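There are 2 protein chains.
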Amino acid sequence: MPHQATSPTPPEPRLLYISEVAQRTGLTQRTLRYYEEIGLLDPPQRMEGGFRLYSEDDIQRITRIVELKRLLGFSLLEIKELVQAEELREQLRDEFKRESDPTARRETLERAIQTVEFQLDKVNRRLDQMLALRSKLDARLARLRGRMAELDGIEEPQMNADERR
Amino acid sequence: MPHQATSPTPPEPRLLYISEVAQRTGLTQRTLRYYEEIGLLDPPQRMEGGFRLYSEDDIQRITRIVELKRLLGFSLLEIKELVQAEELREQLRDEFKRESDPTARRETLERAIQTVEFQLDKVNRRLDQMLALRSKLDARLARLRGRMAELDGIEEPQMNADERR
DNA sequence: CTCGAACCTCACGTGAACGTAAAGGTAAGA
DNA sequence: TCTTACCTTTACGTTCACGTGAGGTTCGAG
Numbered sequence: 013m014p015h016q017a018t019s020p021t022p023p024e025p026r027l028l029y030i031s032e033v034a035q036r037t038g039l040t041q042r043t044l045r046y047y048e049e050i051g052l053l054d055p056p057q058r059m060e061g062g063f064r065l066y067s068e069d070d071i072q073r074i075t076r077i078v079e080l081k082r083l084l085g086f087s088l089l090e091i092k093e094l095v096q097a098e099e100l101r102e103q104l105r106d107e108f109k110r111e112s113d114p115t116a117r118r119e120t121l122e123r124a125i126q127t128v129e130f131q132l133d134k135v136n137r138r139l140d141q142m143l144a145l146r147s148k149l150d151a152r153l154a155r156l157r158g159r160m161a162e163l164d165g166i167e168e169p170q171m172n173a174d175e176r177r
Numbered sequence: 013m014p015h016q017a018t019s020p021t022p023p024e025p026r027l028l029y030i031s032e033v034a035q036r037t038g039l040t041q042r043t044l045r046y047y048e049e050i051g052l053l054d055p056p057q058r059m060e061g062g063f064r065l066y067s068e069d070d071i072q073r074i075t076r077i078v079e080l081k082r083l084l085g086f087s088l089l090e091i092k093e094l095v096q097a098e099e100l101r102e103q104l105r106d107e108f109k110r111e112s113d114p115t116a117r118r119e120t121l122e123r124a125i126q127t128v129e130f131q132l133d134k135v136n137r138r139l140d141q142m143l144a145l146r147s148k149l150d151a152r153l154a155r156l157r158g159r160m161a162e163l164d165g166i167e168e169p170q171m172n173a174d175e176r177r
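Chains Z and S, in that order, are what the protein sequence lines are. So the first sequence is numbered by the numbering used here: it starts at 13 and just counts up by one. So the second sequence is numbered by the numbering used here: it starts at 13 and just counts up by one.
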């Protein structure tokens, strides 16, 4: 395992080799390089010799990407759009902090809000459809359970079930 | 457009050519054949000459597959597992109808319930994760909106906001 | 019976998302 | 300095999910 730079104390942000990042994120090294290649991840730091060095921030972003991919099942292109909106938002936030003119602040804030709304909208659409699907499955299950109860002879004194579809 | 067989009355279940099915489902003919090829759809009826004829039931199943794919973003293999559970359930239901022995009926019913529970479980897991994601986005948006209100000078007499993260 | 539109089966092509060497440079402990 | 495990790029291979002809057959109206 590689060394720890100059200081022995861990509080300073550690930089990770690609192998460690792969371990922690569950991706392969190839995948990490690939994501960088297609512009989904922006290039991490490098050592003098060319080794990639990932910051905690980088890992955060990678983790988010993995989540989005798993959750939404989007293509990397779609993920890219979502994440770029995200990056834009962060950039805007910084811009916002450095900005003092209130009109400009309002401006950047507005754009930031719109990007989040964009993401939220995508997620919500998907969510609605999934909720509908679950309702269907729930209803189906309830019907089956009803029949089962019917078969079991109705322990609790219920009306003699004659409700068929 | 092809003919209507013997009877002119529509109440009898119409069978559709692949082009019509493609239209109604939004899939291409190639995709329909491909799904059949990989065992995701079981082969539809054929005319004497070999033309595929799809029943309303077939269309139902295709529609479900399209939904699952869009919604969950699963691979066709995963979809296949889910749908096969579904088919099993239907088969069990028929079996159930023909069965008279109550013990056997209970048995098949139990298995049917389990398959639906299996599907429901998959959907629910996904749903939970998506809800969590939405919460995160909601919170983020709320924070941004808060800052915006702060910037706008607080129309409604609120406390002088000094809550900074 | 004829004809054009629609269907059939190969079978090769394609884009996305990586996998997998090959050939060579680098890091850091001994 | 040597060693060896880890990294680099380059580049071809692979799987999934179809697209796209080619070449031939079938349908059904006229």
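Built from N, CA and C at the ideal position, the CB exists for glycine as well. Every value quoted in this text rests on a predicted model; they were computed, and no experiment measured them.
Query, Result
"Residue from Leu156(Z), Leu89(Z), Thr75(Z) whose Cα sits closest to the Cα of glycine 38(Z)", "Thr75(Z)"
"Same chain only: Cβ atoms within 8 Å of isoleucine 30(S), ignoring 5 sequence neighbours per side", "Gln41, Leu44, Arg45, Phe63, Arg64, Tyr66"
"Cβ-Cβ distance between leucine 88(S) and leucine 52(S) below 7 Å", "yes"
"Residues that arginine 58(Z) bridges to, as DSSP identifies them", "Arg64(Z)"
"Range covered by the alpha helix (DSSP H) that runs through arginine 146(S)", "114-163"
"Residue from Ala144(Z), Val128(Z), Arg36(Z), Lys109(Z) whose Cα sits closest to the Cα of glutamate 68(Z)", "Arg36(Z)"
"DSSP three-state assignment for leucine 53(S), whether helix, strand or coil", "coil"
"Proximal residues, the region 142-157 of chain S versus chain Z, C-beta separation under 8 Å", "Met142, Leu143, Leu145, Arg146, Leu149, Asp150, Arg152, Leu153, Leu156, Arg157"
"The region 92-108 of chain Z in contact with the region 96-109 of chain S per 3-pair CB rule at 8 Å", "no"
"Beta-carbon proximity check, valine 128(S) vs arginine 152(Z), cutoff 7 Å", "yes"
"Own chain partners of glutamate 111(S) with C-beta closer than 8 Å, once the 5 adjacent residues on each side are dropped", "Arg117, Thr120"
"Counted within 10 angstroms of its Cβ, other Cβ atoms place isoleucine 77(Z) as buried (16 or more) or exposed", "buried"
"Which of helix, strand or coil DSSP assigns to leucine 28(Z)", "strand"
"Length of the line joining the Cα atoms of asparagine 136(S) and lysine 134(Z)", "19 Å"
"Cutoff 7 Å: valine 135(S) Cβ touching any chain Z Cβ", "yes"
"7 Å Cβ shell around leucine 84(Z) - same chain, five flanking residues per side excluded", "Arg138"
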